[in-house]
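The structure appears right after this line, and notes come after that.
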Amino acid sequence: MNKLSPEMPELQSMNITADNITKLKSLFPEAFNEGSVDFEVLKQLLGENVDDKEERYGLNWHGKRQARQLALTPSRGTLRPCK
């Protein structure tokens with residue numbers, strides 16, 4: 000039986016953020032400047048489909064942004080069967 004290490008690809012979850020950036024870069028390469036997203040250029044490319052309004056209806060709570068960032072963090076843990 001092989002010893003498990005955190006660097007093994009089988010023990011890591013998919014990096015959703017990196018995957019989303021790769022997809023965005025393939026669709027809108029001109030919206031990237033030195034590896035970072037230029038949101039002003041992206042807004043121009045999307046045209047009228049951008050909502051710039053400060054006020055909008057939605058479900059908000061304290062810590063929502065932090066919860067979203069935590070959910071997008073790749074997992075390094077694994078579940079092991081009981082012996």
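Numbering (numbering that gives the first Met the number 0), first residue to last: 0 to 82. The beta-carbon is built from N, C-alpha and C at its ideal position, and this holds for glycine as well.
May I ask which residues mark the beginning and end of the alpha helix (DSSP H) holding A70? 63 to 71
Within a Cβ cutoff of 8 Å, which residues of the same chain sit near I20, ignoring the five residues on either side of it in sequence? V36
When we look at the beta-carbon of A17 and count the other beta-carbons within 10 Å, is it buried (16 or more) or exposed? exposed
In three-state DSSP terms, what is N14? coil
Tell me whether E33, by its Cβ, gets closer than 7 Å to a heavy atom of the ligand MG. Looking for the ligand MG in the displayed structure turns up nothing, as the structure carries no ligands at all.
Can you tell me whether N32 is helix, strand or coil according to DSSP? strand
Measure the CB-CB distance between P80 and Q11 and report whether it falls below 8 Å. no
Under the three-state reduction of DSSP, which class applies to S74: helix, strand or coil? coil
For A66, count neighbouring C-beta atoms within 10 Å of its own C-beta (all shown protein chains included) and say buried if the count is 16 or more, exposed if not. exposed
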